[in-house]
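Student: If you scroll down you'll find the structure; I have some questions about it.
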Amino acid sequence: MGWLPESASTYASDIDLGFWVITVIVGIAFVVVEAALVLFLVRYRARPGRRAAYIHGNTTAEVIWTAVPAITVVAIGVWSAGLWSEIKGRDNFPADAVHLAIEAKQFEWNVTYPGPDGQLGTEDDFTRRNALEIPVNRPVVVDLTAEDVLHSFFVPAFRIKQDAVPGMTIPVWFEATKTGEFELACAELCGNSHYSMKGRVRVHTAEDYEEWVRSQSSPEAGQ
Amino acid sequence: MRRFVLCVTLAGVACGGGGEQQGGAGGAEAGAAPAAAPLGTGSITGAMSFSGTAPENPTIDMAEEAECREKHADIPRDPQVVVTDGMLADVFVYVKSGLPEGAAFTAPSTPAVLDQDGCLYRPRVLGVMVGQDLEIRNSDPLQHNVKAVPANQRGFNISQPRAGMTTTRSFSAPEVMVPLECNVHGWMNAYVGVLEHPYFATSGEDGSFSITGLPDGTYELEAWHEKFGTQTVSVTVSGGGAATAEFAFSSQ
Amino acid sequence: MTTAAVAERPTAAGHDGRSFIQRYIFTTDHKIIGIQFLFMSLLFLIVGGLLALMMRWQLGYPGQPMPGGGMLPETMAPDGILLPEFYNSLVTMHGTFMVFFAIMPLLVGVFANFLIPLKIGAPDMAFPRLNMASFWIAVPAGLLMVAGFFVEGGHAGAGWTAYAPLSARPDLSGVSLGQIFWLLSLAILGLSSILGSMNYITTVVNMRAPGMTWFRLPLSIWSLFITAILVLLAIPVLSGAAIMLLFDQTLGTHFFNPVEGGQPLLWQHVFWFFGHPEVYILILPAMGMVSDIISNGSRKPVFGYHSMVFAIIAIAFLGWIVWGHHMFQSGMNPMLGTTFMISTLVIAVPSAIKTFNWLGTLWRGSIHFHTPMLNAIGFVAMFVIGGLSGIYMATTPVDIFIHDTYFIVAHLHYVLFGGSLFAIFAAIYFWYPKMFGRMMSERLGKVHFVLTFIFYNLVFFPMHFLGMGGHMRRIYDPTEYEFLQPFQPMNRFITVSVFFLVAAQVPFVVNFFWSLFKGAPASENPWKDNGLEWTVSSPAPHGNFAETPTVYHGPYEFSSPLVDDDYLPQSRAVDPQPRPAPAAGD
Chain C
942 MGWLPESAST YASDIDLGFW VITVIVGIAF VVVEAALVLF LVRYRARPGR
992 RAAYIHGNTT AEVIWTAVPA ITVVAIGVWS AGLWSEIKGR DNFPADAVHL
1042 AIEAKQFEWN VTYPGPDGQL GTEDDFTRRN ALEIPVNRPV VVDLTAEDVL
1092 HSFFVPAFRI KQDAVPGMTI PVWFEATKTG EFELACAELC GNSHYSMKGR
1142 VRVHTAEDYE EWVRSQSSPE AGQ
Chain U
1030 MRRFVLCVTL AGVACGGGGE QQGGAGGAEA GAAPAAAPLG TGSITGAMSF
1080 SGTAPENPTI DMAEEAECRE KHADIPRDPQ VVVTDGMLAD VFVYVKSGLP
1130 EGAAFTAPST PAVLDQDGCL YRPRVLGVMV GQDLEIRNSD PLQHNVKAVP
1180 ANQRGFNISQ PRAGMTTTRS FSAPEVMVPL ECNVHGWMNA YVGVLEHPYF
1230 ATSGEDGSFS ITGLPDGTYE LEAWHEKFGT QTVSVTVSGG GAATAEFAFS
1280 SQ
Chain W
3 MTTAAVAERP TAAGHDGRSF IQRYIFTTDH KIIGIQFLFM SLLFLIVGGL
53 LALMMRWQLG YPGQPMPGGG MLPETMAPDG ILLPEFYNSL VTMHGTFMVF
103 FAIMPLLVGV FANFLIPLKI GAPDMAFPRL NMASFWIAVP AGLLMVAGFF
153 VEGGHAGAGW TAYAPLSARP DLSGVSLGQI FWLLSLAILG LSSILGSMNY
203 ITTVVNMRAP GMTWFRLPLS IWSLFITAIL VLLAIPVLSG AAIMLLFDQT
253 LGTHFFNPVE GGQPLLWQHV FWFFGHPEVY ILILPAMGMV SDIISNGSRK
303 PVFGYHSMVF AIIAIAFLGW IVWGHHMFQS GMNPMLGTTF MISTLVIAVP
353 SAIKTFNWLG TLWRGSIHFH TPMLNAIGFV AMFVIGGLSG IYMATTPVDI
403 FIHDTYFIVA HLHYVLFGGS LFAIFAAIYF WYPKMFGRMM SERLGKVHFV
453 LTFIFYNLVF FPMHFLGMGG HMRRIYDPTE YEFLQPFQPM NRFITVSVFF
503 LVAAQVPFVV NFFWSLFKGA PASENPWKDN GLEWTVSSPA PHGNFAETPT
553 VYHGPYEFSS PLVDDDYLPQ SRAVDPQPRP APAAGD
């Protein structure tokens, strides 16, 4: 369907599935309720000589329309809990991930890469502004922090969003399934230039990514 | 009322468009207000020399700002230290003390101009008088914000989403220097010296400066550079003539 | 019910020895105080709407000079082009005015004040002077909130939720005085709300007329009573949070500043611990009044009265344990997210019960489409959408994507505009005759309803699609993002529709003021309703009831077999023998 943005991460299709399942459920509820509403408005419009029924309720009906929504929402909840835990649960972070650090600040995304040694916090780390370059088909774990105010790391194509909070380091993971360019947006109002706090996500093949990392280690990187 | 005054100011700028970038910062003669006749005819000229190896200016990661990047032929660098032939530019120099007691100065009606061009501030260092308009221009087709964080007065944090926008602000108290920064482009820094008198200047490419309209007296002159700190010299102006002051910065 | 109150009761309306100022300005009469709140909050409703219109201009026509924008100072819109910081103030103040100065006072200030004593058979509130104070404290709060636009640095721009540290750090926001005004105003307004809610609770508990048992209370009163409890418990939390933030701003404390050891998430927890009950403060009274009006319009008892009462109480309880659903993506422990998701999904159940009960009330009714009824039906139809769309964001994984997008904006407007505001319109049309002694024009009322209903949906329904496309909320210029550029025609369509939606309010404003002077004089009971307020003259006289009424029935005895009329006022005693008439209904 064209309603949601292009999906380009492993769990994007799961989230989309959830979205459409809910759409079907609430769609049915919507049609039933609104149709009943319209039907009643037409059928029971005031007409001369007809008196409204003197009814105070119906226990059976009330039990049914309490139970059906309750069961439905609990089912939605049970399904969601699993996917939620898979995406955000702190115990479920994938192994063999590329490890990056992102510091959000007014109004830039500063992405720190581990450099050729693959280790963050070493000499060969380098930082790129507003550019998130990652390999395809390999999990990426980002240690997300903020320098000043709240920001929110949002890559629509990956269906991932996570607030960046000053004073906290919050891990986020995603795994791109397509190469290409995507947009990174700030989704939490962060000040006067909030709307221009955007970045580029470039998903490379594994080889291209290695090549890119090596090329960045030169002093005139990024130009 | 304020709007009306502002329009007049803007119109004035428009007429004088293309004028020199230093604007009101150049010295007493820039103070066009007729009431503010200079107290004297003396002047101090001099230069900022630099010895040693100038530190290399850091490169700027401008890759994701195409509109700015294309304004730079080479890899853009943050011009923190600009040394040409042993002379240091962008040093702010001003009369720190020695002016006659009780002398009052009127701020010029022409604004000082700070431009944002190629995602850099131009000029990087400038001076304004207390109450003098500082006109901030955006020559880039993208959003800049300008944040002033003074130590002893209220700052501002404004934004300019489009090319050609101008914003006028002023400062209410003297302060050397008020840092300005753009938070959309974290490398962008400028420094504004705010003074109650018009006796200040910024060294040019050749390291020279000139402060004019001084009465006779002995002055303490301070020079400020963002990397190399401050230096002070004492200079005496007599007989309404010219005096010189030399400052020597070094990489140590 | 005190003898003192009885002794003070005037002999005839208008001859009670009160001066103009005592009667209309510094009045202790709950009805006039309600009307004062009505004028104030309708004014803020207009202000909030105009702010939204300006916001929409920027979104529909980004960077183009706004018509008339040249009149704004250059700190807001140089050459008529709205600045991003001013846009943030518009976003913030639209939300603030609508939530705190329009919807909340319209529901609680206006209708709790006006309806509670009249509907329970009391001469006035338990504490009339506190009630007067409640209004006159709200006035300076409103003035302060408006004044924020005119201070250096502009008005608060951190959103109506004022998330710290942006709201706590003037250097980072560029806003100092504006945010301080905002916080002071809310702290003062909180005092007004607390005084009001104490009054409502005490009045309902102690001053019900003889025979007005708890389960003979109209659902409007039940919901206003439960809402008052929520207000009493929630608003002090907001006031506390506002004062902490004010200290951060002015005294150098660091509750929310992480650089100095504070915790930004603390603000969100405290704000939403207030804020989610607040959401129910904004919808429960609407549900209650709509129940009254739907029963009246259907000429039929409310379906499942008891389950309606229990649903209100359930929502009020559950409302305290769902605040975390605003914080799924905030960095809060994801385990907590799951907990809050479950409580949030459960709260959908009482809302569903209420919806089905409204349908049950219409079922086999004899539906009269007067303007209040149209708006009440509009409420049900739109609240369903707002309720159902809430399931998306309650579901944590789906919320990852739609959080902070226009999907949320669509959802909250379906609840607060499609829900609360349609209910407010319904209630104004319904009780206007009792407030002012004149009827509003049905013709203008219907025009207003139909136009509002159409353009409201044209504005807010497309926002679901924006949200599905990932369109973030609170962004100044969506065209900055390539993936949002295809939505520009839709943004423009919404903006045009907003213009018509605002224009559609003209018939209402005209109707409101024209009817004040020229409306048809209202009889005692123009809607043939059962409530006690319809047993006194229109407008209701000072002191309300010449004699304390005695209540014999529940509030929804429409089409009762005991009487020939299709309504049975609560205070009319009847022979408990069913009339030997033919069977009712079809």
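Chains as they are written, first to last, in the numbering used here: chain C, 942 to 1164; chain U, 1030 to 1281; chain W, 3 to 588. For each residue, glycine too, the CB sits at the ideal point set by N, CA and C.
(1) Quick one: give me the first and last residue of the alpha helix (DSSP H) that U/S1138 is part of.
(2) So which residues on chain C does W/D479 lean against when the C-beta distance must stay under 9 angstroms?
(3) Of the choices U/A1083, U/G1081, U/Q1172 and U/Q1145, whose alpha-carbon is the least far from that of C/N1133?
(4) Can you check whether the C-beta of U/Q1172 is within less than 7 angstroms of a C-beta belonging to chain C?
(5) Please report how far the alpha carbon of W/E535 lies from the alpha carbon of W/I23, in whole angstroms.
(6) What does DSSP give as the partner residues of U/D1146 in its beta bridges?
(7) Please tell me whether C/A1105 and W/M474 are closer than 7 angstroms, where the distance is taken between their beta carbons.
(8) Using a threshold of 7 angstroms, state whether the C-beta atoms of U/T1231 and U/F1121 are closer than that.
(9) Going by DSSP in three states, C/V1096 sits in which element: helix, strand or coil?
(10) In chain order, what residues of the same chain lie with their CB nearer than 7 angstroms to the CB of W/S225, ignoring the 5 residues before and after it?
(11) In the DSSP assignment, the beta strand (DSSP E) including W/Y558 goes from what residue to what residue?
(12) Residue ranges of each beta strand (DSSP E) run of no fewer than 3 residues wholly in the segment 1003-1056 of chain C, ordered along the chain?
(13) Hey, out of W/A575, W/P491, W/T229 and W/T363, whose CA is closest to W/F305's CA?
(14) Opposite W/M474 in the DSSP bridges: which residues?
(15) Pick from U/P1227, U/A1272, U/N1181 and U/D1146: whose alpha carbon is nearest that of U/T1125?
(16) Please check if any C-beta of chain B sits within less than 7 angstroms of the C-beta of W/S309.
(17) Buried or exposed, going by whether 16 or more other CB atoms sit within 10 Å of the CB of U/G1052?
(18) Cutting at 7 angstroms between CB atoms, please list the residues of its own chain near C/V1052, excluding the five before and the five after it.
(19) Along the chain, which unbroken stretches of the alpha helix (DSSP H) at least 4 residues long are found entirely within the segment 1202-1253 of chain U?
(20) By the 9 angstroms beta-carbon criterion, what residues does the segment 1081-1097 of chain C contribute toward chain U?
(21) Helix, strand or coil: how does DSSP classify C/D1104 here?
(22) Examine the Cβ distances between the segment 1134-1147 of chain C and the segment 972-980 of chain C and report whether three or more of them are shorter than 8 angstroms.
(23) Return the residue from the list W/I182, W/F358 and W/K121 that minimises the CA-CA distance to W/V153.
(24) Taking C-beta to C-beta, are W/H157 and W/S91 nearer than 7 angstroms?
(25) Determine contact between the segment 251-268 of chain W and the segment 402-422 of chain W, defined as no fewer than three beta-carbon pairs at a distance below 8 angstroms.
(26) Mind listing the chain C neighbours of U/N1186? Cutoff is C-beta to C-beta under 8 angstroms, in chain order.
(27) Apart from the five residues just before and just after W/A428, which ones in its own chain have a Cβ nearer than 6 angstroms to its Cβ?
(28) Shorter than 7 angstroms from the beta carbon of U/D1107 to some beta carbon of chain C?
(29) Per the DSSP calculation, C/P1080 is bridged to which residue(s)?
(30) By how many angstroms is the C-alpha of W/G471 removed from the C-alpha of W/L61?
(31) In the DSSP assignment, what residue or residues form a beta bridge with C/L1127?
(32) Beta carbons nearer than 9 angstroms to chain U: which residues of the segment 1098-1111 of chain C have them?
(33) Using the rule of at least 16 other Cβ atoms within 10 Å of the residue's Cβ for burial, across every protein chain shown, is W/T30 buried or exposed?
(34) How many angstroms separate the CA atom of W/E2 from the CA atom of W/A124?
(35) Return the Cβ separation of C/D941 and C/P1107 in integer angstroms, given the expectation that the two are a contact with Cβ distance under 8 angstroms.
(36) Could you list which residues in chain U have their beta carbon closer than 9 angstroms to that of W/P167, in chain order?
Tutor: Straight from the coordinates:
(1) As a position in the second sequence, residue 1138 of chain U is number 109, starting the count at 1. It is not in any alpha helix (DSSP H) - U/S1138 carries neither H nor E in the DSSP assignment.
(2) Position 477 of the third sequence, counting from 1, holds the residue named residue 479 of chain W. Neighbours of W/D479 on chain C, chain order: Y1136 and S1137.
(3) Here residue 1133 of chain C refers to the residue found at position 192 of the first sequence. Ranking U/A1083, U/G1081, U/Q1172 and U/Q1145 by Cα distance to C/N1133 puts U/Q1172 first.
(4) Taking the second sequence and counting its residues from 1, the one referred to as residue 1172 of chain U is at position 143. Closer than 7 angstroms: yes.
(5) For the purposes of this step, residue 535 of chain W is taken as residue 533 along the third sequence, with counting starting at 1. For the purposes of this step, residue 23 of chain W is taken as residue 21 along the third sequence, with counting starting at 1. Answer to the nearest angstrom: the Cα atoms are 25 angstroms apart.
(6) Indexing the second sequence from 1 puts residue 1146 of chain U at position 117. Per DSSP, U/L1149.
(7) By one-based count along the first sequence, residue 1105 of chain C stands at place 164. By one-based count along the third sequence, residue 474 of chain W stands at place 472. Contact flag unset, no.
(8) Working through the second sequence from its first residue, we reach residue 1231 of chain U at position 202. Working through the second sequence from its first residue, we reach residue 1121 of chain U at position 92. Their beta carbons are under 7 angstroms apart, which means U/T1231 touches U/F1121 by this criterion.
(9) On the first sequence, position 155 is the one that residue 1096 of chain C refers to. Here C/V1096 sits in strand by DSSP.
(10) As a first step, residue 225 of chain W is located in the third sequence; it is residue number 223 there, counting from the start. If we look at W/S225 and ignore the five residues flanking it on each side, its Cβ neighbours are L286, P287, M289, G290 and I314.
(11) Indexing the third sequence from 1 puts residue 558 of chain W at position 556. Counting along the chain, W/Y558 falls outside any beta strand (DSSP E), and DSSP gives it neither H nor E.
(12) 1039-1046 and 1049-1054
(13) Translated into positions along the third sequence, residue 305 of chain W becomes position 303. Comparing Cα positions, the closest option is W/T363.
(14) For the purposes of this step, residue 474 of chain W is taken as residue 472 along the third sequence, with counting starting at 1. W/M474 pairs with W/T407.
(15) Here the question's residue 1125 of chain U lines up with position 96 in the second sequence. Per the sequence presented here, residue 1125 of chain U reads as Lys, with Thr not at that position. The shortest C-alpha separation from U/K1125 is found at U/P1227.
(16) Here the protein chains are C, U and W, and chain B is not one of them.
(17) Here residue 1052 of chain U corresponds to residue number 23 of the second sequence, with the count starting at 1. The predicted model places U/G1052 with a pLDDT of 36, which falls under 50 and marks its position as unreliable; any figure quoted below should be read in that light. Buried.
(18) Translated into positions along the first sequence, residue 1052 of chain C becomes position 111. Same-chain partners within the cutoff: L1041, I1043, T1068, R1069, A1072 and L1073.
(19) none
(20) D1089
(21) The sequence position of residue 1104 of chain C within the first sequence is 163, counting from 1. C/D1104 falls in the strand class under three-state DSSP.
(22) no
(23) Mapped onto the third sequence, residue 153 of chain W falls at position 151. When only C-alpha atoms are compared, the closest one is W/I182.
(24) To locate residue 157 of chain W, count along the third sequence from 1; it is residue 155. To locate residue 91 of chain W, count along the third sequence from 1; it is residue 89. The answer is yes: Cβ separation under 7 angstroms.
(25) no
(26) Counted from its first residue, the second sequence places residue 1186 of chain U at position 157. Near U/N1186 (Cβ distances below 8 angstroms), the residues of chain C are G1132 and N1133.
(27) If you number the third sequence from 1, residue 428 of chain W lands on position 426. So the qualifying residues of the chain are I295, P374, N377 and A378.
(28) On the second sequence, residue 1107 of chain U is found 78 positions in, with the first residue counted as 1. No, U/D1107 lies away from the interface with chain C (no Cβ there is under 7 angstroms from its Cβ).
(29) By one-based count along the first sequence, residue 1080 of chain C stands at place 139. Partner(s): C/E1116.
(30) The residue you call residue 61 of chain W lines up with position 59 of the third sequence. The residue you call residue 471 of chain W lines up with position 469 of the third sequence. Between W/L61 and W/G471, the C-alpha separation is close to 16 angstroms.
(31) Taking the first sequence and counting its residues from 1, the one referred to as residue 1127 of chain C is at position 186. Per the sequence presented here, residue 1127 of chain C reads as Cys, with Leu not at that position. C/F1094, per the DSSP bridge assignment.
(32) none
(33) Reading the third sequence from its first residue, position 28 is the one you call residue 30 of chain W. When all chains shown are included, W/T30 counts as buried.
(34) Examination of residue 2 of chain W is not possible in this model, given that chain W is present from 3 through 588 alone.
(35) Because residue 941 of chain C is not part of the residues shown, which for chain C are 942 to 1164, the question remains open.
(36) The residue you call residue 167 of chain W lines up with position 165 of the third sequence. Going along chain U, no residue has its Cβ under 9 angstroms from W/P167, so there is no contact; the nearest lies around 14 angstroms.
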